[in-house]
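Written below as structure tokens is the structure these notes are about.
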Amino acid sequence: MPRGASPSSFLPSLQGLRHEQGPLHRQLYERLREAILTGGLPPRGRLPSTRALAERLGLSRNTVEQAFAQLDAEGLLERRVGSGSVVALPERARPPHGATRVASRRPVPPPVLKGRARRVSELLLPEQPADLLPLTPCMPALEAFPLSLWRRSLQRQGRSQGARLLAYGDEAGWRPLREAVASYVAASRGVRCGWRQVLIVSSTQQALDLVARLLLEDGDAVWLEEPGYLGARAVFSWAGARLIPVPVDDEGLCVEHGVSRAPDARLAYVTPSYQYPLGLTMSLPRRLALLDWARRAGAWVVEDDYDSEFRYTSRPLSAMQGLDDAGRVLYVGTFNKVMFPSLRLAYLVLPEALVEPFRRAKALTDGHTAPLTQAAMADFMERGHFTAHVRRMRGLYAERREALLEGLRRLASERLRPVGSADAGMHVSVTLAGREDDVALVARAARRGLDPRPLSIHYLGPRRTRGLVLGFSGVETAALRTAVAALASVR
Ligand SMILES: Cc1ncc(COP(=O)(O)O)c(C=O)c1O
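Throughout the sequence shown, residue numbering follows my numbering, covering 6 to 496 in sequence.
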């Protein structure tokens, strides 16, 4: 319709509103709105009364009234009692909320996403189910968590700290928690640090994200264990790093292989206590070789000690951080597995030189982690509840682990073979005999309500072992036995 035409010459185009296309008042409103915004209905043009327009279009008066009321509310129409409605002047008839003018009804193409926005949808992320399912890797025994003790820690801290907990907190973390973490990792893992080197974060994932933002430039090479943890792979890839898969054998990361492929890498990410997903412990010579390379290359080593609390018979090797004299290791631990996943509390133990840059990066990206949760966690630790909980879970998980292994031996020994030598962790990986496809097998198991993960997706390169990653910690022993039997029968 040409600009400036009279309203009455425009009205025929309002015919033909149909119920199938949604509420009639909405359709009428949209057509009038578009006509006003594109100049089809000129400013100051007078519209028929609602009664006359309703008759003309064969609509109820109420329908027309609703459409006019909406246009009036948006400033597109001026309504005057007794003298009808006129199209508002352009300065008033601006679309609400600063929206731009509607030029036509043509569908708007979706925006083209580039760089990080595009890459994020291409990454394989670790999946965490909202429900508790049998065989989910690394899920704690939530039914055995001492909720009433935790509630008391929250209440006690809420009461004693009062309004202090409601203000902004220290970016690096709640001091009593930083102190409690420093003494805990020193005693249990041989980590050498002062409390100022401890940065409280919400998860291992956040720790890795901060590492990527601060220590990596676009195109920097990063050694990753092959196979390895998807959360680390995704975050470093997202940051634009060049990922170098370094194979893992019985002794852990093959350092020599890494040196031959990318001697100048900026960073190596490792899970030395209980390699994820294969469940091996990195030997002392390999740890020393990795530290030696890092020192000579000026590279960083990220030691992810995500479930080192759970060692069932043998004594764990101390953390690599305690062997590092050159300040190249960043040690990461998490409470989200030992306590419960929605807690969102983890920590980074940093070399001195990195403390201030990391504190600033945490401030910039997230402010700080919630003080009440941190204060409650410190309280829980100081009162000995945390160590008692770990001790209890160790007993429980040892029993569940044995139930899983026993079930596999009895029901699927030919088909599903456990790998990894360490009697530790919250999961066991098994390899599949023959040429069975693990991704398809996992999809079939999911239909039976089971949640194992395919081993092959944890590889970056083309040589992939097929298998399953099986969690044993999250469900009770009887349910776990049933789950193993169900898994063994999935074909
Ligand atoms: C190797 C590894 N690191 C870290 C995590 C997760 O820790 P968070 O929940 O603190 O990010 C997991 C979870 O399964 C893991 O397997």
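Using N, Cα and C, we set each Cβ at its ideal position, and we do this for glycine too.
Would residue i pass as a contact of residue j if the rule is Cβ separation under 7 Å?
i: R471; j: L437; result: yes
i: P252; j: C259; result: yes
i: L215; j: A177; result: no
i: S158; j: D371; result: no
i: A93; j: L81; result: yes
i: K342; j: D312; result: yes
i: R271; j: L221; result: yes
i: F345; j: L147; result: yes
i: S188; j: L283; result: no
i: G327; j: V196; result: yes
i: V474; j: L460; result: yes
i: V334; j: C198; result: no
i: H463; j: P232; result: yes
i: L42; j: P131; result: no
i: A57; j: R66; result: no
i: Y402; j: S478; result: yes
i: Q210; j: A381; result: no
i: Q32; j: Q26; result: yes
i: L285; j: G439; result: no
When the Cα of residue i is compared with those of the options, which residue comes out closest?
i: E127; options: R238, R291, V337; result: R238
i: S153; options: S426, R452, H394; result: H394
i: E357; options: G87, S18, S158, Y336; result: Y336
i: R452; options: A302, V227, V495, L248; result: V495
i: W200; options: G63, H24, W179; result: W179
i: Q133; options: E230, S347, S313; result: S347
i: L421; options: G87, D443, D175; result: D443
i: R194; options: M325, Y281, M398; result: M325
i: A212; options: L359, V113, A331, A149; result: L359
i: R415; options: R486, Y279, V190; result: R486
i: W228; options: V306, E419, T374; result: V306
i: V275; options: A299, R266, S265; result: A299
i: E314; options: Q162, Q160, Y279; result: Y279
i: R399; options: A417, A380, D428, Q379; result: D428
i: A294; options: V264, Y281, L285; result: V264
i: R85; options: V113, P114, L62, P53; result: P53
i: W155; options: P423, A450, A448, Q379; result: Q379
Please work out which residues of its chain come closer than 6 Å, Cβ to Cβ, to residue i, disregarding the five sequence neighbours upstream and downstream, and give them in chain order.
i: L219; result: P362, A366
i: V91; result: R49, R51, E83
i: R8; result: Residue placement at R8 is poorly supported in this model, since its pLDDT is 47, which falls under 50; the coordinates are not used for a value here.
i: T105; result: Bear in mind that a pLDDT of 48 at T105, under 50, signals an unreliable position, so the number given afterwards is only what the model happens to contain. Nothing listed; no residue qualifies.
i: A408; result: T482, L485, R486
i: L377; result: L170
i: D225; result: A246, R271
i: A273; result: W228, V306
i: A417; result: A493
Who are the near neighbours of residue i in its chain, counting only those whose CB is closer than 7 Å to its CB and skipping five residues on each side?
i: G476; result: L140, T141, P142, C143, M144, M431, H432
i: S329; result: Reading the sequence as shown, one finds Asp at residue 329 and not Ser. Within the same chain, D329 has close Cβ partners L296.
i: L29; result: L22, L64, T68
i: A491; result: R453, L455
i: Y352; result: V186, V203, L204, I205, V206, G338
i: R291; result: E256, G257, L258, V260
i: Y34; result: A72, Q75, L76
i: F391; result: F385
i: G174; result: H373, P376
i: G103; result: Annotation note: pLDDT 46 at G103 (below 50); position unreliable, no value reported.
i: T513; result: Outside the displayed span of the chain (6 to 496) sits residue 513, for which this structure offers no information.
Short of 8 Å in beta carbon distance, which residues of its chain neighbour residue i, apart from the five on each side in sequence? Order them along the chain.
i: E387; result: P181, A185
i: W243; result: R121, R124, V125, L128, A217
i: H262; result: V251, P252
i: G412; result: L485, R486, V489, A490, A493
i: R397; result: A149
i: A98; result: Any reading at A98 must be qualified, since the residue scores a pLDDT of 48, below 50, and its modelled position is unreliable; the value itself is stated next. Closer than 8 Å at the Cβ level, and outside the excluded window around A98, lie I41, L42, P48, G80, L81, V92.
Run the proximity test for residue i: is its beta-carbon closer than 6 Å to any non-hydrogen atom belonging to ligand 3?
i: A351; result: The ligand content of the structure shown is limited to ligand 1, which means ligand 3 is not among them.
| the stretch 315-330 touching the stretch 166-174, judged by at least three CB pairs closer than 8 Å | Flag = no, the stretch 315-330 and the stretch 166-174 do not touch.
| message | With three or more beta-carbon pairs closer than 8 Å as the criterion, would you say the stretch 444-459 touches the stretch 111-128? | response | Result no; under three Cβ-Cβ pairs closer than 8 Å.
| query | Fully enclosed by the stretch 330-378, which alpha helix (DSSP H) runs are 4 residues long or longer? | reply | Here the runs fully enclosed are 357-371.
| Within the stretch 157-213, ranges of the beta strand (DSSP E) (whole runs, at least 3 residues) | You should have 203-206.
| request: Starting from the N-terminal side, write out each stretch of the beta strand (DSSP E) that is 3 residues or longer and does not extend beyond the stretch 371-436. | output: Annotation note: the stretch 371-436 contains the following uninterrupted beta strand (DSSP E) runs of length 3 or greater, listed N- to C-terminal: 421-423.
| Residue ranges of each beta strand (DSSP E) within the stretch 258-314, 3 or longer | Segments of the beta strand (DSSP E) lying fully in the stretch 258-314: 272-275, 305-309.
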